[in-house]
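In the numbering used here, the protein residues as written are 370 to 603.
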């Protein structure tokens, strides 16, 4: 399972790197997490420069894509080359998630039509102007689309992504690992309280021995195989 975190120049470290750290707490065959950028190097809003691990073209083929935020997101959505590449993102075959101003990217791509979303307070007017209803809550998901508002809500995006791509148990374990000592149960409970209302029947994705994908029910334990497909069965 491959998750790509879209990270642009001016990125917010708390969005891209917290998600990267939590997602990488999962240890499973084929589990992979990548920073994806349009250029080989990107500099954060606070001057932290990191190397891109993959380009945007490869990111569009990932099983899950998280769109990070940053100070230059409005420049990103006005960049025809970037947006043309990102039009390949499709919630019919992959998980799509966005953090804070990253929600504006999904809105401008038309992926949030009729779907309410979360974002940060600064980005809210831009997302509303793009025709999306903004909710006063940290996390919301519908089907294969998820959005979060507020830098530390990146923990919810990471937890949801792990629950969907691997298992709810793996999501709990990852959050428990990174949570502060003495507060681990509180952090795990809060994360689960925010994401579990949006985990639908048949929403967990697992890699089968045949290298196809299986949708495993969180509630009934039933499995529906889609061997050979990298899409998410809806």
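Glycine residues also receive a C-beta, built at the ideal position from the N, C-alpha and C atoms.
Computed from a predicted structure; not experimentally measured.
CB contact flag (residue i, residue j, <8 Å)
| i | j | result |
| --- | --- | --- |
| residue 438 | residue 463 | no |
| residue 478 | residue 458 | yes |
| residue 403 | residue 423 | yes |
| residue 431 | residue 371 | yes |
| residue 388 | residue 540 | no |
| residue 522 | residue 509 | no |
Spatially closest choice to residue i from the options, by CA coordinates
| i | options | result |
| --- | --- | --- |
| residue 397 | 564, 538, 489 and 512 | 538 |
| residue 516 | 460, 415, 399 and 424 | 460 |
| residue 525 | 392, 446, 370 and 373 | 392 |
| residue 411 | 375, 400 and 542 | 375 |
| residue 534 | 465, 489, 491 and 415 | 465 |
| residue 514 | 522, 449, 530 and 542 | 530 |
| residue 520 | 441, 373 and 386 | 386 |
| residue 568 | 399, 426, 444 and 532 | 532 |
| residue 413 | 394, 486, 434 and 384 | 384 |
| residue 441 | 405, 407 and 378 | 378 |
| residue 406 | 523, 416 and 373 | 373 |
| residue 565 | 470, 536 and 435 | 536 |
| residue 450 | 470, 498 and 425 | 425 |
| residue 394 | 561, 560, 546 and 508 | 546 |
| residue 433 | 401, 511, 472 and 498 | 401 |
| residue 488 | 506, 562 and 556 | 506 |
Cβ neighbour criterion (16 or more within 10 Å) applied to residue i
| i | result |
| --- | --- |
| residue 381 | buried |
| residue 550 | exposed |
| residue 570 | Low local confidence applies: a pLDDT of 48 at residue 570 is under 50, so the model's placement there is unreliable, with the coordinate-based value given in what follows. The residue in question, residue 570, is exposed, as its Cβ has fewer than 16 Cβ neighbours within 10 Å. |
| residue 475 | buried |
| residue 496 | buried |
| residue 408 | exposed |
| residue 471 | buried |
| residue 473 | buried |
| residue 518 | buried |
| residue 415 | exposed |
| residue 560 | buried |
| residue 491 | exposed |
Within-8 Å CB hit, residue i to chain C
| i | result |
| --- | --- |
| residue 385 | As a matter of chain content, chain C is missing from the structure shown, which is built from one protein chain. |
request  = Would you check if the region 481–492 and the region 446–456 touch, i.e. whether three or more CB-CB distances between them fall below 8 Å?
outcome  = Output reads no: the region 481–492 does not touch the region 446–456.
Jot down the residue ranges of each uninterrupted alpha helix (DSSP H) in the region 500–579, minimum 4 residues, whole runs only, in chain order.
-> Segments of the alpha helix (DSSP H) lying fully in the region 500–579: 523–534, 537–547 and 553–564.
task = Identify every run of the alpha helix (DSSP H) within the region 421–497, keeping only runs that are complete inside it and at least 4 residues long; order them along the chain.
result = Here the runs fully enclosed are 425–428, 442–446, 449–455 and 471–477.
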